[in-house]
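Residue numbers (this note's numbering), protein chains in the order written: chain A, 28 to 544; chain B, 28 to 544.
Every residue, glycine too, gets a C-beta built ideally from N, C-alpha and C.
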């Protein structure tokens, strides 16, 4: 395995799973060339004139799609830990005796630990996609045949669009669909809101299979996935467990420390002048973010300020803001609770977006950079304002990137983190894995104070005179280290990279190594 | 100029405007190969992070887009005869001294006779797109430097998608847009309903310019055109004359003959068993079609039957049916009146469609073939059930194809025509120009009777015993010829083809020749 040093000073492999790699060159430095990937031209002469593309079962659909050893098969993660389709899919693939599949999910969850046996027996060669939990641990232990490739939501679109990843067969689980393949996520027993993570797959894959447990007569309206991109439709009893489809992290935190962080963020937004008429922000799920939304809402009401748009992952807290007229729009990439699903279905101002509109860096701009402030989390932030969201300080790869890298392009990016978790520092001297470069991270807010990136002189000036505990990040670091001790560096085998982290432009920003225990 | 005989027995050029052509091979016979066209990969690094793509004026946008001699520039026709942008565009191009543009409109109208001077002086080399009225006459007179290429709405999508027509710069007039380029047709002073005819242009063109007279803060919702496909936004005083944007043909006919035809269609739909619970139909604008919709509605109410969907061009008559619960959905390709625009804006069950969803023959199926019955017009129908919509019997090319060829794929296609117009027969021995082949035309309904294509034995059987005047088409032809006399064949110069008619798959179905007077 050959390595090269990238612009962030990180060693990254020159080649991964047989594909040559470009090292990270810095933000906005890589210049793509050429034209986008293009799917085969089809003809209506080969599709049923009555629009009925329903086939008997998944096996028949896969056969018709020409499933072969070594193909790339994609799935989406809108059902999160409630997904039933991916396991069913690989059970079917296994039963067909097919080997060496490159699985290209938009993310995987603990429910997919069912697939470890297929990684063991060679049905799946490797995973390119976020690995939350058990599959990440499996990968970290060096057991996967190929290397993991982690991409942000926008990076996944970019990779498909640019032809870096060619999808042979996309399998799209759809809460409601018609026999033509039009599909929507906003209704049906397993409603998940939207299907944006599967949109690129539907457009660019050679073959597209829609799997649904709620087949309705044509037309399925809205058609978030267009039947004109779909080859086969499969009806099954259940595509997922609705109770697990919504995120588990949709409760406002009860921790006093985290509530304090949330209050600091809200105050920062006001004191720095970000919270003003027509502003915009992004805040995902997770206890701190939800509490922040609640606090910000109070401040907005007090000041009589209205947002132009809020970027979701939506939750009932954001939906309330929309319904109370505190924002014109929610531009939503994924719904995190049932209120989000309902609102998206009913309210035309709760707009579903996709990684194309929001995050694709190889487009003609995207929404992320128009957002005034993004409030995000991290597993580690270092004193140079670099951040990590994929590995823990013990080196284990346990989280995906999600839209995190993409959202960093907001005008102001705020990382909201406790200064330590379970006596393990979050503010560190150097991140285990570099996922977000310093120049895009503006503010780090902990319960011990607010650290502003020295590059952002404007923000430092803006909060002068504020009652916020603004402090150098080094000071917070020293304090945390004094309490927890300096954390041990992870024990890893530097000869055995197990995964790479892509930057939003397809270059490699860092490497994840086998953890040695 | 070399010709070859196609599968319909028509002579068509082997090469047009320097591009080799495939002769029509029969319905569903041409097999496309290869992959779709693909636009260049861009990077956000080259676009403003704040999303503001507004430039000073059209000239600056064209300069930035790299306008050069010989380029292909596309426009759309949602403003019909009220369009102000295309004339402004070519005034600008002329002022920049650019020559030999291939103008690729989705259609042109009498308002564009302003451009004849640019065809004369070499600013525009030729037009590929429907030519309604004066530009068609100009072309018929053999004055255009290149040959006209007429495509259906679906054929235009197919040509762009398949890479037959590469658009260098798409100029999209938008009734409402934001600085990022998100745009919609359903609101604003020049609201036209939707922008579906410009959708392919926005996706596949190298450069996309949005021109609007109603710039709103980001986000423009809905975004029928996605800003992520847009390079520049230009604000102008007015993009069109709203009073001329809606079609002129939205009055129910008062002619007793035409009312009779409309009643026959409605009765045919009922007697043939097409009008049943959950059925679907397509009926455009034009006096007969509107009257048909009114009659059908009465029959549906009387029988207690509800449609699943109606395909627009929508009018107030179809909107009433939606609002009275006589159909679940309108699937609309263009709004023909202000009620259509309002309904599309307000009613989520009035769905905007595009040539991709509805008509593209080189897709994985499309909506057109799922429609139970399409009611269409024609300039001529012959005794073999071939039909013409582009030329008159004098040979002049005065109309575009619109979605007509695409809609022929309905389960039952009904041509509703008076048997003659101004003493010129519509039912003829052989069509002047073949636009729709016999095998897709099932029923011809005139005031003199209903002729069913002998291929459709099922329909002949279904209406046995009906009080409809079902007659052989030859009988109607003889009657009409006895009244009007046999029309003179047009005087054309067979050595000088002036335009070709594409079939839905990109093959050439017929040739239009210079008219000699």
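- Distance from the Cα of residue 65 (chain A) is smallest, within the candidate group A:216, A:49, A:51 and A:234, for A:234.
- Of all residues in the stretch 367-401 of chain B, the ones placed with a Cβ closer than 8 Å to any Cβ belonging to chain A are 375, 376, 378, 383, 384, 387, 388, 389, 390, 391, 392, 393, 394, 396 and 397, in chain order.
- Contact between residue 333 (chain B) and residue 304 (chain B) is confirmed by a C-beta separation of about 6 Å, below the 8 Å threshold.
- With its beta carbon less than 8 Å from one in chain A, residue 253 (chain B) belongs to the interface.
- By the rule that beta-carbons nearer than 8 Å mark a contact, residue 246 (chain A) touches chain B.
- Within 9 Å of the CB of residue 91 (chain B), no CB atom of chain A is found; the nearest one sits about 12 Å away.
- Rounded to whole angstroms, the separation of the alpha carbons of residue 200 (chain A) and residue 336 (chain A) is 29 Å.
- Judged by beta-carbon spacing, residue 540 (chain B) lies beyond the 8 Å limit of residue 513 (chain B), meaning their Cβ atoms are not closer than that value.
- A residue is called buried once 16 or more other Cβ atoms fall within 10 Å of its Cβ, and residue 375 (chain B), having fewer, is exposed.
- Put simply, the CB of residue 68 (chain B) is near chain A, with a gap under 8 Å to one of its CB atoms.
- Here residue 262 (chain A) carries a strand assignment [DSSP, helix/strand/coil].
- Listed along chain A is no residue with a C-beta nearer than 7 Å to that of residue 283 (chain B); the closest approach is about 37 Å.
- Sixteen is the threshold: when 16 or more other Cβ atoms of the shown chains lie within 10 Å of the Cβ of residue 357 (chain A), as they do, the residue is buried.
- The criterion of a C-beta distance shorter than 8 Å is satisfied by residue 251 (chain A) and residue 212 (chain A).
- Proximity of chain A to residue 483 (chain B) at the Cβ level (cut-off 8 Å) is not reached, the minimal Cβ distance being about 15 Å.
- Taken through DSSP and simplified to helix, strand or coil, residue 51 (chain A) comes out as coil.
- In this structure, the CA atom of residue 507 (chain A) is about 58 Å from the CA atom of residue 195 (chain B).
- Between the stretch 405-421 of chain B and the stretch 87-95 of chain A there are fewer than three inter-stretch CB-CB distances shorter than 8 Å, so the stretches are not counted as touching.
- Contact check for residue 403 (chain A) and residue 431 (chain A): beta-carbon distance about 6 Å, within the 8 Å limit, so the pair qualifies.
- DSSP places residue 165 (chain B) in the uninterrupted alpha helix (DSSP H) bounded by 161-167.
- Not a single C-beta of chain B is nearer than 8 Å to the C-beta of residue 333 (chain A).
- The three-state reading of DSSP puts residue 110 (chain A) in strand, counting E and B together.
- Within the stretch 295-362 of chain A, the complete alpha helix (DSSP H) segments of 4 residues or longer fall at 314-330 and 343-350, listed in chain order.
- Pairing residue 283 (chain B) with residue 289 (chain B), the inter-Cα distance amounts to about 10 Å.
- Between residue 102 (chain A) and residue 132 (chain A), the gap from beta carbon to beta carbon is short of 8 Å.
- Around the beta carbon of residue 519 (chain A), a 10 Å sphere encloses 16 or more other beta carbons of the protein chains shown; the residue is thus reported as buried.
- Fully enclosed beta strand (DSSP E) runs of no fewer than 3 residues occupy 519-529 of the stretch 508-535 of chain B, in order along the chain.
- Per DSSP, reduced to three states, the secondary structure at residue 409 (chain B) is strand.
- Of the candidates A:318, A:428 and A:120, A:120 places its Cα closest to the Cα of residue 128 (chain A).
- Close CB contacts of residue 320 (chain A) within its chain, under the 8 Å cut and outside five residues either way in sequence, are with 310, 342, 344, 345 and 348 (chain order).
- Just so you know, the alpha carbons of residue 460 (chain A) and residue 427 (chain A) end up roughly 12 Å apart.
- Taking a beta-carbon distance threshold of 8 Å, residue 241 (chain B) does not count as an interface residue toward chain A.
- At least 8 Å separates the CB of residue 47 (chain B) from every CB of chain A.
- Residue contact check for residue 256 (chain B) against chain A: a CB pair falls below 8 Å.
- Excluding sequence positions up to five before and after residue 499 (chain A), its CB lies within less than 7 Å of the CB of 478, all in the same chain and listed in chain order.
- The C-beta of residue 63 (chain B) comes closer than 8 Å to at least one C-beta of chain A.
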